[in-house]
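Enquirer:
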Amino acid sequence: MTKRIIHVNPLHLEQLKKLSIFTTSDAAKFDITRAALSRAVEKGLIERLQRGLYGYIGREESEMQSFAEVGVRAKKGVICLLSALRYHNLTTEAPFQVWVCIRKGERAPKVDYPNIRIIRSRDTENIGIITTFIDGVPVLVTDAERTIVDCFKFRSKVGIDVAIAALSEAKQANKVDQGKLWKYAKHFRMTNIMMPYMEAIYA
Numbered sequence: 001m002t003k004r005i006i007h008v009n010p011l012h013l014e015q016l017k018k019l020s021i022f023t024t025s026d027a028a029k030f031d032i033t034r035a036a037l038s039r040a041v042e043k044g045l046i047e048r049l050q051r052g053l054y055g056y057i058g059r060e061e062s063e064m065q066s067f068a069e070v071g072v073r074a075k076k077g078v079i080c081l082l083s084a085l086r087y088h089n090l091t092t093e094a095p096f097q098v099w100v101c102i103r104k105g106e107r108a109p110k111v112d113y114p115n116i117r118i119i120r121s122r123d124t125e126n127i128g129i130i131t132t133f134i135d136g137v138p139v140l141v142t143d144a145e146r147t148i149v150d151c152f153k154f155r156s157k158v159g160i161d162v163a164i165a166a167l168s169e170a171k172q173a174n175k176v177d178q179g180k181l182w183k184y185a186k187h188f189r190m191t192n193i194m195m196p197y198m199e200a201i202y203a
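Using the numbering used here, the first residue of the sequence shown is number 1, and each one after it goes up by one.
1. By Cβ distance, which residues of its chain are closer than 7 Å to F22, with the 5 residues on each side in sequence left out?
2. So what's Q97 in DSSP terms, helix, strand or just coil?
3. Alpha carbon to alpha carbon, what distance is there between L181 and V158?
4. Drop a sphere of 10 angstroms on the beta-carbon of Y202, count the other beta-carbons inside from all chains shown, and report buried for 16 or more, exposed for fewer.
5. Going by DSSP, which residues form a beta bridge with E145?
6. Whole angstroms are fine: how far does the CA of V111 sit from the CA of I5?
7. From the DSSP output, read off the bridge partner residues of Q50.
8. Taking 8 Å as the threshold, find out whether the region 95-108 comes into contact with the region 177-196 through three or more Cβ pairs.
9. Name the residue from C101, I102, V100 and L85 whose alpha carbon lies nearest to the alpha carbon of A94.
In structure tokens form, the structure reads like this:
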């Protein structure tokens, strides 16, 4: 019996190359099967990062690659809190987990790597959420203003000192719109908590 040779259309692979990191579902959109992906791995064209997740050999990896890997796996998940602080350069700490916000009641995404910390919230509407591209992958991230408000909202999880430090750093680096920050504080009912710190820092 002759062994079937599985080929991968180079043009299809070129399309996936724009993503840098992709899943088997992404590949299926270009009629690339799992068997074809395995063949591409054998030929050294791509590498298997984890189950169902692949990356191009020789791709440029950014410090935020772990965010991209989560973005591929959890397309509705939003990078938040400590991870969002890192993204916006509002902290020098690099959290060992990727913090991801999902809506209450939604099933947590299955991510083998990196390690993720799930935050469930009813407030996952689009306010204060931006789409950014990391290593070619679209990733949802809370903007700087919402990230700070979220740190106060979830102060029991991240620590009030982290929230205050982020607010102070944002002021010094001029990275937030004060009006938008206060608007978000009102929306998420954080004005009473944040007001004393904002008055002290923005005085």
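Yeah, the Cβ is synthetic: ideal placement off N, Cα and C, and Gly gets one too. None of these values were measured; they are calculated from a predicted model.
Expert: Answer, in terms of the structure:
1. L16, Y54 and V72
2. coil
3. 19 Å
4. exposed
5. DSSP lists no partner for E145.
6. Because I5 carries a pLDDT of 40, less than 50, the predicted location of this residue cannot be relied on, and the following value inherits that uncertainty. One alpha carbon belongs to I5, the other to V111, and they sit about 32 Å apart.
7. L53
8. no
9. With distances taken between CA atoms, A94 lies nearest to L85 out of C101, I102, V100 and L85.
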